[in-house]
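Novice: For reference, the structure I am asking about is given below.
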Amino acid sequence: MESKIVMPGDIVSDKPDRISYAFVDKGKTYSTVVGLFHDGKLVPLEGPYEPLVEDQIVGVVTEVKFSGYSVEMNTAYAAFLSSREIRERYEMGDTILARVSMIDEVRSTELTDAKKLPAGRLVKVSSVKVPRIIGKKNSMIDMIKSSTGCEISVGRNGYVWISGSGNATLAEKAIRMIEAQAHTSGLTDRVSAYLKSAKQ
Amino acid sequence: MMGGNTANKPKLLVSGKRVDGRGVEDLRQIKIVARVLNDADGSAYIEWGKNKILAGVYGPSECIPRHDQSLYRAIVKCRYNMAPFSGMEEHGRSGPSRRSKELSKVIKEAFENVIIAESFPKTQIEIFVEVLQSDGGTRCAAVTAAAVALADAGIPMKDLINAVAVCKIDGEMAVDPGKEEDNFGESDMPIAFSPRTGDILLYQMDGLLTREELARGLELAKGATEKIRKIQVDAIGKVYAEPKEERFLVIK
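From first to last, the protein sequence lines are chains A and B. When the letters of the first sequence are read in order and numbered with this note's numbering, they come out as residues 689 to 888. When the letters of the second sequence are read in order and numbered with this note's numbering, they come out as residues 51 to 302.
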């Protein structure tokens with residue numbers, strides 16, 4: 689079945705189904721977002737990052753507190769990283785890779801397993817495009833890494849950290865290209881062709 | 051306001067044709083472009099007749115000031131603003147006025163009904179509407195553009211809403227009044243519908259109407275709202291049909 693673009697308020701099922709990013713009204717299910725509907729699943733094409741426990745994220749330390757750090761991670765809610773969870777020390781502005789360990793009902797978020805990222809550049813993309821940037825079994829991101837020679841850390845929150853001595857500008861352009869075309873098929877081939885042509 | 055300067059009142063309806071040649075059920079030409087701003091989470095630009103309006107959406111972000119924030123839902127904020135150069139009359143320095151405060155409020159309240167705010171406690175969702183050029187019906191065009199901008203931002207909503215005004219000109223009901231019809235017509239009634247349910251989300255009236263005229267007006271507005279929704283859907287679809295890395299405001 690072809691996947692089709694649905695708009696907020698478009699019907700996705702005649703039954704009251706539990707579908708994420710959809711809601712039930714008078715026994716029918718409607719989409720709440722602009723998304724792709726395929727096989728009973730609704731994938732949003734745009735939207736804010738909603739953190740889940742176990743997500744691997746890239747964040748920026750925004751505040752050093754007595755007992756830990758405030759981390760900005762592309763959400764409305766700053767996450768907290770306790771000093772007890774880590775052995776390193778961070779400064780304001782450091783970029784870290786961490787895992788979400790806890791979220792409560794008012795979206796207070798705690799992080800763990802943090803690691804400081806080496807000097808590099810931060811690329812901010814929409815979090816819904818992250819699966820395309822990574823690709824099936826890391827195929828897309830591995831391809832960008834090997835052809836640009838960069839180290840790339842992709843956070844589930846849509847922050848991408850590019851470091852190392854490779855061609856970071858090319859890597860950033862490839863990521864921007866994936867972000868703009870994330871909803872199309874045959875993207876891996878196009879990105880591969882782009883990276884090859886850019887190298888020459 | 052209603053009736054304007056009656057001495058200069060033009061004929062608004064001549065054998066079923068209006069001042070600009072439309073029939074009573076015809077809308078002005080509407081063009082919408084979604085995703086025109088690089089740094090807003092969602093944006094849209096609308097040209098509705100001679101109206102030119104830019105809408106930008108930010109959020110959900112941390113709600114500031116914090117005494118406004120709710121532990122249960124996101125707060126929806128709206129700022130409607132007319133540029134000083136937007137119309138024939140003096141608009142002075144752009145900034146809050148009695149009129150713009152009112153429009154900000156009614157637009158905000160229309161969207162509070164459709165945004166699923168419970169998903170984002172402690173946050174705010176901001177809608178900015180800048181009227182660059184006005185020609186009657188800016189609040190309706192603003193709601194229409196802001197809905198596209200919200201959808202573009204990926205903010206969960208129960209419906210993609212829009213608004214349209216109906217008016218009474220020379221004794222007959224007509225849809226989508228332009229500036230002349232607004233100033234010299236007998237009545238002006240902007241309405242925002244949720245096209246999915248038919249719920250009314252914004253409803254204002256200037257002048258007087260009989261019950262029958264009101265019913266006819268609602269019927270006209272309902273017909274128009276379906277047409278506008280198609281234009282909104284096309285605008286959002288186009289973002290994905292022709293993906294761009296940079297966002298530009300280009301209207302053809």
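For every residue, glycine included, the Cβ atom is placed at its ideal position computed from N, Cα and C.
Since residue 759(A) meets chain B, which of its residues come closer than 9 Å, beta carbon to beta carbon?
Specialist: Residue numbering aside, residue 759(A) sits at position 71 when the first sequence is read from its first letter. Neighbours of residue 759(A) on chain B: none; closest Cβ ~14 Å, over 9 Å.
Novice: Are the C-beta of residue 173(B) and some C-beta of chain A separated by less than 7 Å?
Specialist: By one-based count along the second sequence, residue 173(B) stands at place 123. Judged by the 7 Å Cβ criterion, residue 173(B) is in contact with chain A.
Novice: Hey, how far is the Cα of residue 717(A) from the Cα of residue 736(A)?
Specialist: One-based indexing of the first sequence puts residue 717(A) at position 29. One-based indexing of the first sequence puts residue 736(A) at position 48. Spanning the two alpha carbons is a distance of roughly 22 Å.
Novice: Pull up the DSSP beta-bridge partners for residue 769(A), would you.
Specialist: Taking the first residue of the first sequence as 1, we reach residue 769(A) at position 81. DSSP lists 757(A), 799(A) as partners of residue 769(A).
Novice: Sorted by chain position, which residues of the same chain lie with C-beta nearer than 8 Å to residue 855(A)'s C-beta, five sequence neighbours on each side aside?
Specialist: In the first sequence, counting from the first residue as 1, residue 855(A) sits at position 167. Only 836, 837, 838 meet the Cβ criterion.
Novice: Are the CB atoms of residue 270(B) and residue 198(B) within a distance shorter than 7 Å?
Specialist: Along the second sequence, read from residue 1 onward, the residue named residue 198(B) stands at position 148. Along the second sequence, read from residue 1 onward, the residue named residue 270(B) stands at position 220. Not a contact, by the Cβ cut-off of 7 Å.
Novice: Cα-Cα, which of 73(B), 94(B), 68(B) is closest to residue 180(B)?
Specialist: Reading the second sequence from its first residue, position 130 is the one you call residue 180(B). Selected option, being the one with the closest Cα: 94(B).
Novice: When burial is assigned at 16 or more other CB atoms within 10 Å of the CB, is residue 64(B) buried or exposed?
Specialist: By one-based count along the second sequence, residue 64(B) stands at place 14. It counts as exposed.
Novice: DSSP on residue 764(A), reduced to helix/strand/coil?
Specialist: Walking along the first sequence from the start, residue 764(A) turns up at place 76. DSSP places residue 764(A) in coil when its eight states are reduced to three.
Novice: Use the C-beta contact count for residue 114(B): other C-beta atoms within 10 angstroms, 16 or more gives buried, fewer gives exposed.
Specialist: The residue given as residue 114(B) occupies position 64 in the second sequence. Exposed, because fewer than 16 other Cβ atoms sit within 10 Å of the Cβ of residue 114(B).
Novice: Could you tell me the boundaries of the beta strand (DSSP E) in which residue 178(B) lies?
Specialist: Indexing the second sequence from 1 puts residue 178(B) at position 128. Note, residue 178(B): beta strand (DSSP E), 173 to 183.
Novice: I believe residue 275(B) touches residue 234(B) by the beta-carbon criterion, under 8 Å. Please report the beta-carbon distance rounded to the nearest angstrom.
Specialist: The residue given as residue 275(B) occupies position 225 in the second sequence. The residue given as residue 234(B) occupies position 184 in the second sequence. Contact flag wrong, Cβ pair sits at about 25 Å.
Novice: Within this structure, are the beta carbons of residue 764(A) and residue 797(A) separated by less than 7 Å?
Specialist: Indexing the first sequence from 1 puts residue 764(A) at position 76. Indexing the first sequence from 1 puts residue 797(A) at position 109. Against a cut-off of 7 Å, the Cβ pair of residue 797(A) and residue 764(A) comes out as no contact.
Novice: Could you pull the start and end residues of the alpha helix (DSSP H) that residue 833(A) belongs to?
Specialist: Taking the first sequence and counting its residues from 1, one reaches residue 833(A) at position 145. It spans 827 to 836 - the alpha helix (DSSP H) in which residue 833(A) sits, taken as one unbroken run.
Novice: Does the region 69 to 76 of chain B touch the region 181 to 200 of chain B, meaning 3 or more C-beta pairs lie closer than 8 Å?
Specialist: Too few Cβ pairs lie closer than 8 Å, so no.
Novice: With respect to the beta strand (DSSP E) encompassing residue 198(B), which residues constitute its N-terminal and C-terminal limits?
Specialist: In the second sequence, counting from the first residue as 1, residue 198(B) sits at position 148. Unbroken run through residue 198(B) is the alpha helix (DSSP H), 188 to 203; no beta strand (DSSP E).
Novice: When the cut-off is 7 Å and only beta carbons count, does residue 734(A) lie next to chain B?
Specialist: To locate residue 734(A), count along the first sequence from 1; it is residue 46. So, interface residue.
Novice: Within the region 118 to 156 of chain B, note down every full beta strand (DSSP E) run reaching 3 residues or more, in order along the chain.
Specialist: As far as the region 118 to 156 of chain B is concerned, its whole beta strand (DSSP E) runs of at least 3 residues are 125 to 132.
Novice: Using the C-alpha atoms, what's the distance from residue 698(A) back to residue 105(B)?
Specialist: Taking the first residue of the second sequence as position 1, residue 105(B) is located at position 55. Taking the first residue of the first sequence as position 1, residue 698(A) is located at position 10. Approximately 23 Å between the Cα atoms of the pair.
Novice: Grab me the residues of residue 70(B)'s own chain with a C-beta within less than 7 Å of its C-beta, minus the 5 sequence neighbours each way, in chain order.
Specialist: On the second sequence, position 20 is the one that residue 70(B) refers to. Answer for residue 70(B): 228, listed in chain order.
Novice: Please list, in chain order, the chain B residues whose beta carbon lies closer than 7 Å to that of residue 871(A).
Specialist: For the purposes of this step, residue 871(A) is taken as residue 183 along the first sequence, with counting starting at 1. Residues of chain B passing the Cβ test: 290.
Novice: Quick check on residue 744(A): does DSSP put it in helix, strand or coil?
Specialist: Position 56 of the first sequence, counted from the start, is the residue given in the question as residue 744(A). DSSP places residue 744(A) in strand when its eight states are reduced to three.
Novice: Identify every run of the alpha helix (DSSP H) within the region 201 to 265 of chain B, keeping only runs that are complete inside it and at least 4 residues long; order them along the chain.
Specialist: Qualifying alpha helix (DSSP H) stretches, in chain order: 229 to 234.
Novice: What did DSSP end up calling residue 855(A) once you bin it into helix, strand or coil?
Specialist: One-based indexing of the first sequence puts residue 855(A) at position 167. In the structure shown, residue 855(A) sits in coil (DSSP, three-state: anything other than H, G, I, E or B).
Novice: Identify the contact partners of residue 64(B) in chain A, using a Cβ-Cβ distance below 7 Å as the criterion.
Specialist: Indexing the second sequence from 1 puts residue 64(B) at position 14. Correct list: empty, because the minimum Cβ distance to chain A is about 39 Å.
Novice: Per DSSP, what are the beta-bridge partners of residue 95(B) in this structure?
Specialist: Numbered from its first residue, the second sequence carries residue 95(B) at position 45. According to DSSP, residue 95(B) bridges with 83(B), 104(B).
Novice: Are any of the Cβ atoms in chain A nearer than 7 Å to that of residue 85(B)?
Specialist: As a first step, residue 85(B) must be located in the second sequence, where it is residue number 35. Not closer than 7 Å to any Cβ of chain A, the Cβ of residue 85(B) fails to qualify, so no.
Novice: Does any CB atom of chain A fall closer than 7 Å to the CB of residue 53(B)?
Specialist: Here residue 53(B) refers to the residue found at position 3 of the second sequence. With a pLDDT of only 48 at residue 53(B), under 50, the local geometry of the prediction cannot be trusted, and no value is derived from it.
Novice: What residue range does the beta strand (DSSP E) around residue 709(A) cover?
Specialist: As a position in the first sequence, residue 709(A) is number 21, starting the count at 1. It is not in any beta strand (DSSP E) - residue 709(A) carries neither H nor E in the DSSP assignment.
Novice: With a Cβ-Cβ cutoff of 7 Å, do residue 774(A) and residue 844(A) count as a contact?
Specialist: What you label residue 774(A) is simply residue 86 of the first sequence in a count that begins at 1. What you label residue 844(A) is simply residue 156 of the first sequence in a count that begins at 1. No. Outside cutoff.
Novice: Could you check whether the Cβ of residue 878(A) sits closer than 7 Å to any Cβ belonging to chain B?
Specialist: The sequence position of residue 878(A) within the first sequence is 190, counting from 1. No, no contact with chain B.
Novice: Excluding sequence positions up to five away, which residues of its chain have a Cβ less than 7 Å from the Cβ of residue 859(A)?
Specialist: As a working note, residue 859(A) is residue 171 in the first sequence. For residue 859(A), where only same-chain residues beyond five positions count, the Cβ hits under 7 Å are 832, 836, 838, 840, 850.
Novice: So residue 719(A) and residue 694(A) are in contact, right, with Cβ under 8 Å, and what is the actual spacing, rounded?
Specialist: Here residue 719(A) is taken as the residue at index 31 of the first sequence, counted from 1. Here residue 694(A) is taken as the residue at index 6 of the first sequence, counted from 1. Yes, they are in contact, since the Cβ atoms of residue 719(A) and residue 694(A) sit about 4 Å apart, within 8 Å.
Novice: Among all the DSSP beta bridges, which residues are the ones paired with residue 724(A)?
Specialist: Residue numbering aside, residue 724(A) sits at position 36 when the first sequence is read from its first letter. In the DSSP output, where bridge partners are listed per residue, residue 724(A) has 693(A), 731(A).
Novice: Which residues of chain B have a Cβ atom closer than 7 Å to the Cβ of residue 768(A), listed in chain order?
Specialist: Here residue 768(A) refers to the residue found at position 80 of the first sequence. In chain order: nothing, as chain B lies at least about 14 Å away.
Novice: Determine the extent of the beta strand (DSSP E) in which residue 872(A) is found, giving its start and end residues.
Specialist: Residue numbering aside, residue 872(A) sits at position 184 when the first sequence is read from its first letter. Here residue 872(A) belongs to no beta strand (DSSP E), and DSSP marks it neither H nor E.
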